[in-house]
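These notes are about the structure you will find just below.
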Amino acid sequence: MEKVLVLGSINIDFVSFVSRYPQPGETLVSNDSGIFQGGKGANQAIALAKLDVPTLMLGKVGKDILSDFALSSLKESGVDTTGISKSQKSSTGSASIWVNTQGQNSIVIYPGANGEVDEDFIIRHEKFFDDASWLLTQFEVPLKSILLALKLAKKHGLKTVMDPAPVKKLSNNHLWELVDYLLPNEIELKELTHTEDVLKGIHILKSRGVKEIIVKLGKQGAVYENEGKLLSFPAVPVEQVVDTTGAGDCFIAGFLHGMIQWGDIPRAIKIGNLTASYSIQKKGAAVSFPKKSEIDWKKLE
Ligand code: RIB
Numbered sequence: 492m493e494k495v496l497v498l499g500s501i502n503i504d505f506v507s508f509v510s511r512y513p514q515p516g517e518t519l520v521s522n523d524s525g526i527f528q529g530g531k532g533a534n535q536a537i538a539l540a541k542l543d544v545p546t547l548m549l550g551k552v553g554k555d556i557l558s559d560f561a562l563s564s565l566k567e568s569g570v571d572t573t574g575i576s577k578s579q580k581s582s583t584g585s586a587s588i589w590v591n592t593q594g595q596n597s598i599v600i601y602p603g604a605n606g607e608v609d610e611d612f613i614i615r616h617e618k619f620f621d622d623a624s625w626l627l628t629q630f631e632v633p634l635k636s637i638l639l640a641l642k643l644a645k646k647h648g649l650k651t652v653m654d655p656a657p658v659k660k661l662s663n664n665h666l667w668e669l670v671d672y673l674l675p676n677e678i679e680l681k682e683l684t685h686t687e688d689v690l691k692g693i694h695i696l697k698s699r700g701v702k703e704i705i706v707k708l709g710k711q712g713a714v715y716e717n718e719g720k721l722l723s724f725p726a727v728p729v730e731q732v733v734d735t736t737g738a739g740d741c742f743i744a745g746f747l748h749g750m751i752q753w754g755d756i757p758r759a760i761k762i763g764n765l766t767a768s769y770s771i772q773k774k775g776a777a778v779s780f781p782k783k784s785e786i787d788w789k790k791l792e
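If you use my numbering, the sequence shown corresponds to residues 492 to 792, in order.
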């Protein structure tokens, strides 16, 4: 099976489950709390590995005990961690997350060691591009390194997938020409294109050079533009939404698994919706993602 190289962040998520968000100056008691594996890069790598996709992660953890937590979560899920280094000066990236009773989240991240994934790091790891078929990345490591990795991906003949989160202002628009599949959510699409019109936003990004764009719409599923028409793919209904943290990451992994298996965008989007439906029914990001064997694949038909 084709191998995926994931370049991205590795965080530990400190999550409070709250009935409402606190006001400035207010102390609020949460209903529950947890420490979970997170980071968009690590989440997407773990979700892919749980779907039995050969996955190697490129990234950095800190010199603290949180790094042991992160490395063992990645290894236990089946991610190849030989491309992960330990920083000598920074702590492991972390995220403070509030999840409300509707399962919606608010996230503040501290990059820590993720901020040290610099261009030298990418150059030192170029050998990993040799036997991979896909590069998957997000915006939680420095932009210059992402741009270099996308260039190396093209040099080595890899297809590229990007989750443009959290949105960054780009001074170099050439990045978009290197992206084969871009998967923003509705907010990110608006921030990137300054329009609320999804179809218009897609056209703007395509005019910048992105080949294919799939827009994640949360409980509305996802949309994709084909020959000027917007095709909708509804979300898979669930009994209760517990925690949406990482659902977008799980969608992307499902989508990429579908592209590797079938090479068909509509089918891959349906797989993304299906995998994400499992993740929102459990607390935590990576820990909530389904293994391939746990998925009811009949729901795709
Ligand atoms: O996409 C969810 C992730 O965003 C969290 O796990 C958090 O660590 C941030 O990276």
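Glycine is no exception: its CB is placed at the ideal position from the N, C-alpha and C atoms.
**OP:** Within the same chain, show all residues whose beta-carbon is closer than 7 Å to that of A726, passing over the 5 residues directly before and after it, in chain order.
**Re:** Sequence index remark: in the sequence shown, residue 726 carries index 235 (1-based). K710, Q711, G712, N764 and S768, listed in sequence order.
Original post:
Along the chain, where does the alpha helix (DSSP H) that runs through T684 open and close?
Top reply: Stepping through the sequence shown from its first residue, residue 684 is reached at position 193. E677 to T684 is the extent of the alpha helix (DSSP H) around T684.
Original post:
Which one or two residues does DSSP pair with D523 in a beta bridge?
Top reply: Looking up residue 523 in the sequence shown gives position 32. According to DSSP, D523 bridges with F508.
Subject >> Beta-carbon contacts of P633 that lie in its chain and below 7 Å, excluding the five residues immediately before and after >> reply: As a position in the sequence shown, residue 633 is number 142, starting the count at 1. Same-chain partners within the cutoff: G606, V608 and D609.
**OP:** Using beta-carbon positions only, say whether D654 and I598 come within less than 8 Å of one another.
**Re:** The sequence position of residue 654 within the sequence shown is 163, counting from 1. The sequence position of residue 598 within the sequence shown is 107, counting from 1. Not in contact: D654 and I598 (Cβ atoms no closer than 8 Å).
Subject >> Inter-residue Cα distance where the pair is S587 and L638 >> reply: Taking the first residue of the sequence shown as position 1, residue 587 is located at position 96. Taking the first residue of the sequence shown as position 1, residue 638 is located at position 147. Roughly 28 Å separates the two Cα atoms.
Original post:
For the ligand RIB, any of its heavy atoms closer than 7 Å to the Cβ of S723?
Top reply: In the sequence shown, counting from the first residue as 1, residue 723 sits at position 232. Outside the cutoff, so no.
**OP:** Report the option in V497, W589 and E517 whose CA atom is closest to the CA atom of T735.
**Re:** Translated into the one-based positions of the sequence shown, residue 735 becomes position 244. Of V497, W589 and E517, the residue nearest in Cα terms is W589.
Original post:
Can the beta-carbon of T651 be found less than 8 Å from the beta-carbon of L669?
Top reply: Locating residue 651 in the sequence shown gives position 160, counting from the first residue. Locating residue 669 in the sequence shown gives position 178, counting from the first residue. A contact, by the Cβ cut-off of 8 Å.
Original post:
Which residues have a Cβ closer than 6 Å to any heavy atom of the ligand RIB, listed in chain order?
Top reply: S500, N502, D504, G529, G530, K531, N534, A586, I598, I600, E631, T736, G737, G739, D740 and A776
**OP:** Find the nearest neighbour of Q595 within the set G775, K782 and I786, judged by alpha-carbon distance.
**Re:** Along the sequence shown, one-based indexing puts residue 595 at 104. That would be G775, whose Cα lies nearest to the Cα of Q595.
Original post:
Among the residues of its own chain, which have a CB less than 8 Å from the CB of I575, if the five just before and after it don't count?
Top reply: Residue numbering aside, residue 575 sits at position 84 when the sequence shown is read from its first letter. Correct list, in chain order: I501, M548, L549, G550, K551, V552, L562 and L565.
Original post:
Do L721 and L690 have their CB atoms nearer than 8 Å?
Top reply: As a first step, residue 721 is located in the sequence shown; it is residue number 230 there, counting from the start. As a first step, residue 690 is located in the sequence shown; it is residue number 199 there, counting from the start. It is a contact, given that the beta carbons lie within the stated cut-off.
**OP:** Helix, strand or coil for G603, going by three-state DSSP, please let me know.
**Re:** In the sequence shown, the residue the question calls residue 603 occupies position 112. In this structure, G603 counts as helix in the three-state DSSP scheme.
Original post:
Smallest Cα separation from L643: which of K659, V658 and F612?
Top reply: Here residue 643 refers to the residue found at position 152 of the sequence shown. With distances taken between Cα atoms, L643 lies closest to F612.
Subject >> Range of the contiguous alpha helix (DSSP H) that encloses V689 >> reply: The sequence position of residue 689 within the sequence shown is 198, counting from 1. Unbroken alpha helix (DSSP H) run through V689: V689 to S698.
Original post:
Given a threshold of 16 other Cβ atoms within 10 Å of its Cβ, counted over all protein chains shown, does P781 qualify as buried or as exposed?
Top reply: Against the sequence shown, residue 781 aligns to sequence position 290. Buried.
Subject >> DSSP-derived helix/strand/coil call for S597 >> reply: Mapped onto the sequence shown, residue 597 falls at position 106. Strand.
Subject >> Cut-off 7 Å between Cβ atoms - residues of its own chain near W753, not counting five sequence neighbours on either side >> reply: Numbered from 1 along the sequence shown, position 262 holds the residue referred to as residue 753. Taken in chain order, the residues that qualify are A759.
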